[in-house]
Amino acid sequence: MEYHLIIEGRLDNLNDCISANRANYYKGAKTKAKNQKIVIAAIRKCLKGVRISKPVEMHYTWIEPNRRRDKDNISSFGRKVIQDALVQSKVLQDDGWRYIVGFSDKFDVDKENPRIEVTIKEV
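Each residue of the sequence shown is one higher than the last, beginning at -10 in my numbering.
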């Protein structure tokens, strides 16, 4: 089975998270929570009622409005937030090795419609 999640816009990146954590622990936690809220809203819209008990592969397409942010900064924090939100929303049981067997990242640019497209494949 394959599931699709689309998150409109873009999330903060790893540098944003690091800066917030350096400024103040609570500000760092607030940054992560803010991003998770965005993802949870998308989960409720795209994956309403979905519960996955099998291991999955996660395929991410990060579509940015431009090429200003580094790919590794975009995807590293984004994957963390998305996977934690999937667990929090009970779509996935856990985000450990047993449940997420792998992931891939692709990148593209769309100035008019930046977004994150996530394909979750049961294996």
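Here a beta-carbon is modelled for each residue, glycine too, at the ideal position from N, C-alpha and C.
- Judged by DSSP in its simplified three-state form, Y15 adopts helix.
- For K26 and I71, the gap between their C-alpha atoms comes out near 10 angstroms.
- Excluding the 5 residues flanking it on each side, R68 has same chain C-beta neighbours closer than 7 angstroms at Y49 and F92, in chain order.
- Secondary structure of S93 (DSSP, three-state): strand.
- In the structure shown, K26 falls within a helical segment according to DSSP collapsed to helix, strand and coil.
- Counting the other CB atoms within 10 Å of its CB gives S64 a total of 16 or more, which places it among the buried residues.
- Among the bridge pairs identified by DSSP, V107 is matched with L(-6) and Y49.
- Within the same chain, R104 come within 6 angstroms of E(-3) by CB-CB distance, once the 5 residues on both sides are set aside.
- Separation of Y14 and K23 (C-alpha to C-alpha, rounded to the nearest whole angstrom) is 14 angstroms.
- In the displayed model, V112 falls within coil according to three-state DSSP, outside both helix and strand.
- Distances from the CA of E111 to each of A74, P44, Q77 and D94 were compared; the closest alpha carbon is that of P44.
- Restricting attention to N4, D5, E101 and C35, the CA atom closest to the CA of I109 is found in C35.
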